[in-house]
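Participant: Numbering (UniProt numbering), first residue to last: 1 to 282.
A single structure is presented below for examination.
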């Protein structure tokens, strides 16, 4: 296919355009130069599809010249528009539409903003760039908060980044009918990661801290261990408790800032503990 998105249809390229509809929807416009409504609709469609970044193709059938083709498609009035996907008509309308109606009609066949974000995130995830994919998936979920596929992608990404509480919270919002094989895979990964994150060193420090809950040195040591297994929220909570008592204790402020810097852009935990630190400093 040409790199163009607007085609004048003839017997030589109609099959190619129908094949192209397996990759993206093709809008077939059956029109006549003798019809003012045809010319207006042609202009409307050309403008919109020209700006659709190749997500739609426009196939213009001049019925003054291609009467046999119009008959094969069953066209009875001009202008008529058919939307073809996978080689078959899936939608259409006869006559003109106003701008708002046409925008609504085409919008159903254009990728939604959240879909574009998901595609960008998937490309990053394929390169193991979870840190960069995380904010894109977070933004996508804000745009479409009920979509289980985005929730699962974000939860999986959160597990990889050690944001286990966030992953657990996301999985808890997935409805029973959406708990498919992908859901179970992320849930299993979360369980295994949580088990691996409870090391003997952490257990020993937790036990020691339970006996000496005011020991800031123990808190700092435990925070370091938490962060090594990406239990960032728990590490930050311990360090925040230290800084509330002594802003200059040992390496606590540096550790706190290092953890914040390591968290992905847009992370809710990072935002929460950044605000907490500012409240202490200012």
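C-beta atoms are modelled at their ideal positions from N, C-alpha and C, and glycine is treated no differently.
Mind listing, in chain order, the continuous alpha helix (DSSP H) runs of no fewer than 4 residues lying wholly within the UniProt domain "Thioredoxin" (20 to 106)?
Facilitator: Listed in chain order, the complete alpha helix (DSSP H) runs (minimum 4 residues) inside the UniProt domain "Thioredoxin" (20 to 106) are 36 to 50, 67 to 72.
Participant: Can you give me the start and stop residues for the beta strand (DSSP E) that residue 134 sits inside?
Facilitator: Looking up residue 134 in the chain shown gives position 134. Unbroken run through residue 134 is the alpha helix (DSSP H), 130 to 143; no beta strand (DSSP E).
Participant: The beta strand (DSSP E) spanning residue 178 covers which residue range?
Facilitator: Locating residue 178 in the chain shown gives position 178, where the first residue counts as 1. Here residue 178 belongs to no beta strand (DSSP E), and DSSP marks it neither H nor E.
Participant: Between the region 176 to 189 and the region 216 to 227, do at least 3 Cβ pairs fall closer than 8 Å?
Facilitator: The region 176 to 189, when compared against the region 216 to 227, does not touch it at the 8 Å Cβ threshold.
Participant: Does the region 44 to 54 come within contact of the region 117 to 135, defined as at least 3 CB pairs closer than 8 Å?
Facilitator: Cβ pair count under 8 Å is below three, so no.
Participant: May I have a chain-ordered list of the alpha helix (DSSP H) segments no shorter than 4 residues that lie completely inside the region 194 to 282?
Facilitator: With a minimum length of 4 residues, the continuous alpha helix (DSSP H) runs that stay inside the region 194 to 282 are 200 to 211, 216 to 228, 232 to 245, 252 to 262, 268 to 281.
Participant: Tell me which residues share the same chain as residue 265 and place their Cβ nearer than 6 Å to its Cβ, disregarding the 5 neighbours each side in the sequence.
Facilitator: In the chain shown, the residue the question calls residue 265 occupies position 265. The answer, listed in chain order, is 135.
Participant: At the level of alpha carbons, what is the spacing between residue 272 and residue 203?
Facilitator: Indexing the chain shown from 1 puts residue 272 at position 272. Indexing the chain shown from 1 puts residue 203 at position 203. Roughly 26 Å separates the two Cα atoms.
Participant: Here's a check: name, in chain order, each residue in its chain whose Cβ is nearer than 8 Å to the Cβ of residue 205, leaving out the five neighbours to either side.
Facilitator: The residue labelled residue 205 in the question sits at position 205 within the chain shown. Cβ neighbours of residue 205 beyond the five flanking positions: 218, 221, 222, 225.
Participant: Where do the N-terminal and C-terminal ends of the alpha helix (DSSP H) with residue 156 fall, by residue?
Facilitator: Taking the chain shown and counting its residues from 1, the one referred to as residue 156 is at position 156. Its alpha helix (DSSP H) spans residues 148 to 160.
Participant: Can you have a look at residue 175 and say buried or exposed, based on whether 16 or more other CB atoms are within 10 angstroms of its CB?
Facilitator: Taking the first residue of the chain shown as position 1, residue 175 is located at position 175. Per the 10 Å Cβ criterion, exposed.
Participant: With DSSP as the reference, identify every bridge partner of residue 7, one or two as the case may be.
Facilitator: Here residue 7 refers to the residue found at position 7 of the chain shown. Paired residues: 59.
Participant: Check whether the region 109 to 127 and the region 60 to 74 touch, using three or more Cβ-Cβ pairs below 8 Å as the test.
Facilitator: Too few Cβ pairs lie closer than 8 Å, so no.
Participant: Please say whether residue 63 and residue 32 have beta carbons closer to each other than 8 Å?
Facilitator: As a working mapping, residue 32 is identified with position 32 in the chain shown. As a working mapping, residue 63 is identified with position 63 in the chain shown. Yes, these two residues count as a Cβ contact at 8 Å.
Participant: Please report the straight-line C-alpha distance between residue 79 and residue 18, rounded to a whole angstrom.
Facilitator: Looking up residue 79 in the chain shown gives position 79. Looking up residue 18 in the chain shown gives position 18. The alpha-carbon atoms of residue 79 and residue 18 are separated by roughly 20 Å.
Participant: Can you tell me where the alpha helix (DSSP H) holding residue 123 begins and where it ends?
Facilitator: Within the chain shown, numbered from 1, the residue matching residue 123 stands at position 123. Unbroken alpha helix (DSSP H) run through residue 123: 113 to 125.
Participant: Tell me the rounded alpha-carbon separation between residue 257 and residue 143.
Facilitator: Stepping through the chain shown from its first residue, residue 257 is reached at position 257. Stepping through the chain shown from its first residue, residue 143 is reached at position 143. Looking at the two C-alpha atoms, the distance is approximately 30 Å.
Participant: In angstroms with no decimal places, state the Cα-to-Cα distance between residue 261 and residue 159.
Facilitator: Walking along the chain shown from the start, residue 261 turns up at place 261. Walking along the chain shown from the start, residue 159 turns up at place 159. Their Cα atoms are separated by approximately 18 Å.
Participant: In angstroms with no decimal places, state the Cα-to-Cα distance between residue 253 and residue 100.
Facilitator: As a first step, residue 253 is located in the chain shown; it is residue number 253 there, counting from the start. As a first step, residue 100 is located in the chain shown; it is residue number 100 there, counting from the start. Those two C-alpha atoms are separated by around 55 Å.
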